[in-house]
Amino acid sequence: MPHSPEEKKRVLARVRRMRGQLDALERALEAGADCAPVLQQLAALRGAVNGLMSGVLESHLRETLGPDDATPTARQAGIDDAVALVRSYLR
Numbered sequence: 002m003p004h005s006p007e008e009k010k011r012v013l014a015r016v017r018r019m020r021g022q023l024d025a026l027e028r029a030l031e032a033g034a035d036c037a038p039v040l041q042q043l044a045a046l047r048g049a050v051n052g053l054m055s056g057v058l059e060s061h062l063r064e065t066l067g068p069d070d071a072t073p074t075a076r077q078a079g080i081d082d083a084v085a086l087v088r089s090y091l092r
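This note's numbering applies: residue 2 is where the sequence shown begins, and numbers increase by one.
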């Protein structure tokens, strides 16, 4: 869950854009659109979902992980490594 009001606003805006993409996909399917544009919309939705998941997970990692007794630099490096690893799996 986003922890700051700004982050929450960004996440909700992203979800609303995704809803718009999903509505457009539904309309395309109902209209019998060709496969290529439908596949393109599906790929865009998949990218949007992965991006949202990545952002929420990154926020969670930054807020909750890392030992309290570590130096700020070491803690940040560990978090950055974990975020990079997760992002590589989401692409």
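The C-beta atom is built at its ideal place from N, Cα and C for all residues, glycine as well.
The structure displayed is predicted, hence computed values, not measured ones.
Taking the straight line between their C-alpha atoms, what separation do you get for Arg92 and Asp69? 31 Å
Please classify Ser60 as buried or exposed, where buried requires at least 16 other C-beta atoms within 10 Å of its C-beta. buried
Residue of Asp24, Ile80, Ala75 and Leu30 minimising C-alpha distance to Thr65: Ile80
Residue interval of the alpha helix (DSSP H) (run including Leu58): It spans Cys36 to Thr65 - the alpha helix (DSSP H) in which Leu58 sits, taken as one unbroken run.
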